[in-house]
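K.L.:
Heads up, the sequence shown is in the working numbering, so the first residue is 1 and it goes up one at a time.
We treat Cβ as the ideally placed atom computed from N, Cα and C, and that holds for glycine.
Bear in mind the structure is a predicted one, so any value in this text is a computation, not a measurement.
Before I ask anything, let me first share the structure, which is written out below as structure tokens.
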Amino acid sequence: MAVSAASVGHLPEFSFKNSDWTIYKARLNNYFVANGIQDDVKKRAILLNCLCEQTYKLVYDLCIPKTPEEQSFDNLIKVLNNHFAPKASCLAARYKFYNAKKTDTESVNDWAARVRGLATHCEFGTELPVVLRDIFIMGFNPGPILDRLLEEKVTVSLSSAIEIAFNKTAVVNHFDLQKVVCKEEPDLHHISSGSRH
């Protein structure tokens, strides 16, 4: 069930099978702020109403011996956090982060977004801008884009590296397209050297 009657925004149903609790919780909080909802009883009712049947059943089981309706809003959030977003291991998150590579089908902007997302639980603190930039650059496969990025000074920012990679990708793609057209063109105008009848 979705909430929307005379309210700002739209709050979709939460299903643990196809939704990310951390993202949903942020959307839920934004919904409450946008609609001026501060009453915890109302917040709890909206949250419980937006759970799909399977998710509600899971929450019900997690709350026993009480029912979800007997829990405070804050306790429900804790129950959901503990189940769907347990504290991640910083070292495990860093392992994933440092081993990330850009896929061939991933755009420059999608790769940059994935790098940022992978850093979420790494606890880099003030080093975050440097490691984001480094992994963004080092995640490219060998080739003209990586070569161009490695020409930059160590002071290059992540945003500048993204722009450079984006521009170089556009140039490489343009020339790759021209090669395809040029390879096909001679075949179109090929004249047979054989005799005519």
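Please say whether C50 and F84 have beta carbons closer to each other than 8 Å?
P.N.:
For F84 and C50, no; Cβs fall outside 8 Å.
K.L.:
Considering only the beta carbon of each residue, do E127 and C90 sit closer than 8 Å?
P.N.:
Going by C-beta atoms, E127 is not nearer than 8 Å to C90.
K.L.:
First and last residue of the alpha helix (DSSP H) that includes K87?
P.N.:
That residue, K87, is in no alpha helix (DSSP H); it is neither H nor E in DSSP.
K.L.:
Roughly how many angstroms separate the alpha carbons of T55 and Y24, rounded to a whole number?
P.N.:
Answer to the nearest angstrom: the Cα atoms are 13 Å apart.
K.L.:
For G125, count neighbouring C-beta atoms within 10 Å of its own C-beta (all shown protein chains included) and say buried if the count is 16 or more, exposed if not.
P.N.:
Flag for G125 reads exposed.
K.L.:
To which residues of the same chain is F32 closer than 7 Å at the C-beta, ignoring the five residues directly before and after it?
P.N.:
Within the same chain, F32 has close Cβ partners K43.
K.L.:
Considering only C-alpha positions, which residue in the set V154, I145 and L158 is nearest to V171?
P.N.:
The residue with the shortest Cα to Cα distance from V171 is I145.
K.L.:
Can you check DSSP and say which residues form a bridge with F14?
P.N.:
Paired residues: L51.
K.L.:
Tell me the rounded alpha-carbon separation between L48 and N167.
P.N.:
Roughly 47 Å between the two C-alpha positions.
K.L.:
Does DSSP put I77 in a helix, in a strand, or in coil?
P.N.:
The answer is helix: DSSP assigns I77 an H, G or I state.
K.L.:
For V59 and E163, I'd like the C-alpha separation in whole angstroms.
P.N.:
About 45 Å.
K.L.:
If we count the other Cβ atoms within 10 Å of its Cβ and call it buried at 16 or more, is T12 buried or exposed?
P.N.:
Per the sequence shown, residue 12 should be read as Pro rather than Thr. So P12 ends up on the exposed side.
K.L.:
Just mark L149 as buried or exposed, buried being the case when its beta carbon has 16 or more other beta carbons within 10 Å.
P.N.:
L149 comes out buried.
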